[in-house]
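Visitor: In this note's numbering, the protein residues as written are 916 to 1122. The beta-carbon is built from N, C-alpha and C at its ideal position, and this holds for glycine as well. Small disclaimer: the values here were computed from a predicted structure and weren't measured. Okay, here's the structure, questions in a sec.
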């Protein structure tokens, strides 16, 4: 991004890559340790500078509050439909009309059938995903072990979980290791995969 110092660019790239990998932002302590900086205040100064240059923002009330804001170039974007609301543990609420769209980087997905789901409620707040956030999902019916997917049980509930295929069961893990139901196992025939979670867009609002 133009107008940033070398250190600010490095921090911004680290934040971007961290969010893409973990689906939530790094803490100040993690940024400090990554760049081997002795003081949190130094990192805070860089983050304030990035905010002033509109590269990031901060989400009020969140422990991991950094929001990556740098847009992709127009020529590299695609419009993806926002198809419904997602509440953890409940059936999907799909919209009758699919006339809402979000511009998303083409380089972030090879799949044309990519769509968005708006978070409704606070069921994932302990995992760093908040009400009004937008889930970007790549539609697919298989996942690799360790990937985060949108997974529905045949009984109706739908979850965002890490996926692990075992010999006779599927193990689903919460994104938050402190979750009371961190690991749960299901028979393969009792669930189906709706897609892979690509990223989370913070505090998405319909215009």
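(1) Mark residue 1117 as exposed unless 16 or more other C-beta atoms lie within 10 angstroms of its C-beta, in which case mark it buried.
(2) Reducing DSSP to helix, strand and coil, say where residue 1113 ends up.
(3) Within a Cβ cutoff of 7 Å, which residues of the same chain sit near residue 952, ignoring the five residues on either side of it in sequence?
(4) What are the start and end residues of the alpha helix (DSSP H) that includes residue 956?
(5) Thinking C-beta only, is residue 1032 closer than 7 Å to residue 1075?
(6) Buried or exposed for residue 1039, going by 16 or more other Cβ atoms inside 10 Å?
(7) Does the stretch 965 to 976 come into contact with the stretch 995 to 1008, if we say contact requires no fewer than three beta-carbon pairs (one atom in each stretch) closer than 8 Å?
(8) Residue 974 and residue 963: beta carbons closer than 7 Å?
(9) Does DSSP put residue 1008 in a helix, in a strand, or in coil?
(10) Tell me which residues share the same chain as residue 938 and place their Cβ nearer than 6 Å to its Cβ, disregarding the 5 neighbours each side in the sequence.
(11) If you reduce the DSSP assignment to three classes, tell me which class residue 929 lands in.
(12) Check the DSSP bridge columns for residue 1060 and list the partner residues they point to.
(13) Might you give, ordered along the chain, the residues of its own chain that have their beta carbon closer than 8 Å to the beta carbon of residue 1052, omitting 5 neighbours on each side?
Guide: To lay it out plainly:
(1) Counting from 1 along the chain shown, the entry for residue 1117 is found at position 202. Buried.
(2) Stepping through the chain shown from its first residue, residue 1113 is reached at position 198. Here residue 1113 sits in strand by DSSP.
(3) Reading the chain shown from its first residue, position 37 is the one you call residue 952. Hits under 7 Å: 958.
(4) For the purposes of this step, residue 956 is taken as the residue at position 41 of the chain shown. Taken as a continuous stretch (DSSP letters only), the alpha helix (DSSP H) holding residue 956 covers 955 to 967.
(5) Walking along the chain shown from the start, residue 1075 turns up at place 160. Walking along the chain shown from the start, residue 1032 turns up at place 117. Contact flag unset, no.
(6) Locating residue 1039 in the chain shown gives position 124, where the first residue counts as 1. Buried: at least 16 other Cβ atoms inside 10 Å.
(7) no
(8) Taking the first residue of the chain shown as position 1, residue 974 is located at position 59. Taking the first residue of the chain shown as position 1, residue 963 is located at position 48. For the 7 Å CB-CB criterion, residue 974 and residue 963 do not form a contact.
(9) The count along the chain shown starts at 1 and reaches residue 1008 at position 93. Strand.
(10) Against the chain shown, residue 938 aligns to sequence position 23. For residue 938, where only same-chain residues beyond five positions count, the Cβ hits under 6 Å are 1115.
(11) Taking the chain shown and counting its residues from 1, the one referred to as residue 929 is at position 14. Reduced to three states, the DSSP call for residue 929 is helix.
(12) For this step, residue 1060 is matched to residue 145 along the chain shown. Paired residues: none, contrary to the question.
(13) Stepping through the chain shown from its first residue, residue 1052 is reached at position 137. Within the same chain, residue 1052 has close Cβ partners 1029, 1030, 1031, 1032, 1065, 1109, 1110, 1111, 1112, 1113.
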